[in-house]
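Novice: Position 219, counted from 1, in the sequence shown is what this note's numbering calls 242; the numbers after and before it change by one each time, with no gaps.
Note that CB positions come from ideal geometry on N, CA and C, so glycine has one too.
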Amino acid sequence: MKKVYFFLAAIVISFQLQALYQSNPMTPEILDEGFFLPKDAFIAVKVGYQRDQVFDRKLKANHGISGNVSETTQLYDQGVLILNFMDRVELLGSAGSMSVYITDRQSVGGTLFQFDYQTRNEFTWGTALRAAIINWCNTTLGASASFQYANPHMRWNTEDAIPFGDSAHLRWAEWQFGVALAHHVDIFTPYIGVNYSKVQASIYKIANIPAAPLYPKSFKMHSREHFGLALGCDLSTGKIIDLGVEVRMISEQAITLKGDVKF
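Right under this line is the structure:
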């Protein structure tokens, strides 16, 4: 039990250190009992809620401008529908809202400007597949693959804090593959994982900027760091409800809170 407490302490410490939610590799088997479906059912259904706060997604700009994007933060709130097969494999879909804030510092015509973009809180959707591959004793090795997409309008844009229109859009597509190792102790299931992710994003339909007329009407962004690390822990008695927290670092600094209910 002391090992679990030390692991949870490490998560709290790394909160300020910090890809898409990777998830616990033991998730397909954590909930043994649901509301009414039998334990040995071939297919089970779960619903959940997932909140992702990304404090710094490391991106690089190209196709119009160049260099590292100074800051990218994101907030996701999504409902999740999960199909569980034999407590080994899960297919899930998510839908909800997403907002993004981006700061980009660029030299235009020899002058340094700061451009800020804030999207509206608009629709996003995602899908994922995860599986428990190898089990021994109370330890599981698993893998996951996920994809997320959004196309929100801008709420506002500024150049050195001066608004220049809100006609721009953000297109965001991200996919990720990961492997993770989990160990079950009492009601705790801590895990550690590594992942490879790729972001393909663009801002387009940018309005004219009087102070920087050479600034492009669109530009693209992609991941600056592809490999990431995830640390997390699920809390469940194995009946009906599973709660979890995950922090991610290297490719991004982020935290995810989630809750699942099994029928």
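Hey, would you say Ser-220 sits closer than 8 Å to Leu-54, going by beta carbons?
Specialist: As a working note, residue 220 is residue 197 in the sequence shown. As a working note, residue 54 is residue 31 in the sequence shown. Going by C-beta atoms, Ser-220 is not nearer than 8 Å to Leu-54.
Novice: Kindly provide the ranges of any beta strand (DSSP E) runs that are 3 or more residues long and lie completely inside the region 190-232, ordered along the chain.
Specialist: Correct list: 192-206 and 211-227.
Novice: Taking Arg-143 as the reference, give the member of Ala-191, Asn-47, Asp-63 and Asp-209 with the closest Cα.
Specialist: Along the sequence shown, one-based indexing puts residue 143 at 120. For the residues Ala-191, Asn-47, Asp-63 and Asp-209, the minimum Cα distance to Arg-143 belongs to Ala-191.
Novice: Name the two residues that bound the continuous beta strand (DSSP E) containing Glu-145.
Specialist: By 1-based counting over the sequence shown, the position of residue 145 is 122. Taken as a continuous stretch (DSSP letters only), the beta strand (DSSP E) holding Glu-145 covers 145-159.
Novice: Using the three-state DSSP reduction, which class does Thr-142 fall into: helix, strand or coil?
Specialist: Reading the sequence shown from its first residue, position 119 is the one you call residue 142. Three-state DSSP puts Thr-142 in a strand.
Novice: Which residues mark the beginning and the end of the alpha helix (DSSP H) in which Ala-53 is found?
Specialist: Position 30 of the sequence shown, counted from the first residue, corresponds to residue 53. In the sequence as displayed, the identity of residue 53 is Ile instead of Ala. Run containing Ile-53: 50-53, per the alpha helix (DSSP H) assignment.
Novice: Counting pairs of Cβ atoms below 8 Å between the region 150-160 and the region 176-193, do you hit three or more?
Specialist: The region 150-160, when compared against the region 176-193, does not touch it at the 8 Å Cβ threshold.
Novice: Are the Cβ atoms of Lys-69 and Ile-105 separated by less than 8 Å?
Specialist: Indexing the sequence shown from 1 puts residue 69 at position 46. Indexing the sequence shown from 1 puts residue 105 at position 82. Yes, these two residues count as a Cβ contact at 8 Å.
Novice: Quick check on DSSP: helix, strand or coil for Gly-133?
Specialist: By 1-based counting over the sequence shown, the position of residue 133 is 110. In this structure, Gly-133 counts as coil in the three-state DSSP scheme.
Novice: Would you call the region 129-143 in contact with the region 109-119, where contact means no fewer than 3 C-beta pairs closer than 8 Å?
Specialist: Counting Cβ pairs under 8 Å, fewer than three are found: no touch.
Novice: Assuming Ala-154 and Val-112 form a contact by the criterion Cβ under 8 Å, report the distance between their Cβ atoms to the nearest whole angstrom.
Specialist: Position 131 of the sequence shown, counting from 1, holds the residue named residue 154. Position 89 of the sequence shown, counting from 1, holds the residue named residue 112. Going by Cβ atoms, the distance from Ala-154 to Val-112 rounds to 5 Å, so yes, they are a contact pair.
Novice: Taking DSSP's pairing of strands, which residues face Arg-128 in a bridge?
Specialist: Taking the sequence shown and counting its residues from 1, one reaches residue 128 at position 105. The partner list for Arg-128 (beta bridge, DSSP) reads Gln-137.
Novice: When the Cα atoms are used, what is the spatial distance from Gln-97 to Tyr-124?
Specialist: Counting from 1 along the sequence shown, the entry for residue 97 is found at position 74. Counting from 1 along the sequence shown, the entry for residue 124 is found at position 101. Distance between the alpha carbons of Gln-97 and Tyr-124: 6 Å.
Novice: Would you call the region 220-229 in contact with the region 241-251, where contact means no fewer than 3 C-beta pairs closer than 8 Å?
Specialist: Flag = yes, the region 220-229 and the region 241-251 touch.
Novice: Kindly indicate the opening and closing residues of the beta strand (DSSP E) around Phe-108.
Specialist: Looking up residue 108 in the sequence shown gives position 85. Unbroken beta strand (DSSP E) run through Phe-108: 94-108.
Novice: Check the C-beta distance from Asp-79 over to Gln-276 and give it rounded, since I have them as a contact under 8 Å.
Specialist: For the purposes of this step, residue 79 is identified with residue 56 of the sequence shown, where counting begins at 1. For the purposes of this step, residue 276 is identified with residue 253 of the sequence shown, where counting begins at 1. Confirmed, about 4 Å.
Novice: Between which two residues does the beta strand (DSSP E) containing Thr-279 stretch?
Specialist: Taking the first residue of the sequence shown as position 1, residue 279 is located at position 256. 275-285 is the extent of the beta strand (DSSP E) around Thr-279.
Novice: Could you give the distance in angstroms between the alpha-carbon of Thr-178 and the alpha-carbon of Leu-254?
Specialist: The sequence position of residue 178 within the sequence shown is 155, counting from 1. The sequence position of residue 254 within the sequence shown is 231, counting from 1. The sequence given here has Arg at residue 178, not Thr. Answer to the nearest angstrom: the Cα atoms are 33 Å apart.
Novice: Taking a contact to mean a Cβ-Cβ separation below 8 Å, would you say Glu-56 touches Gly-261 in this structure?
Specialist: As a first step, residue 56 must be located in the sequence shown, where it is residue number 33. As a first step, residue 261 must be located in the sequence shown, where it is residue number 238. It is a contact, given that the beta carbons lie within the stated cut-off.
Novice: With a Cβ-Cβ cutoff of 8 Å, do Leu-246 and Leu-82 count as a contact?
Specialist: If you number the sequence shown from 1, residue 246 lands on position 223. If you number the sequence shown from 1, residue 82 lands on position 59. The identity of residue 246 in the sequence shown is Ser, whereas the question assumes Leu. Contact: yes.
Novice: Are the CB atoms of His-86 and Lys-240 within a distance shorter than 8 Å?
Specialist: Against the sequence shown, residue 240 aligns to sequence position 217. Against the sequence shown, residue 86 aligns to sequence position 63. Their beta carbons are not under 8 Å apart, which means Lys-240 does not touch His-86 by this criterion.
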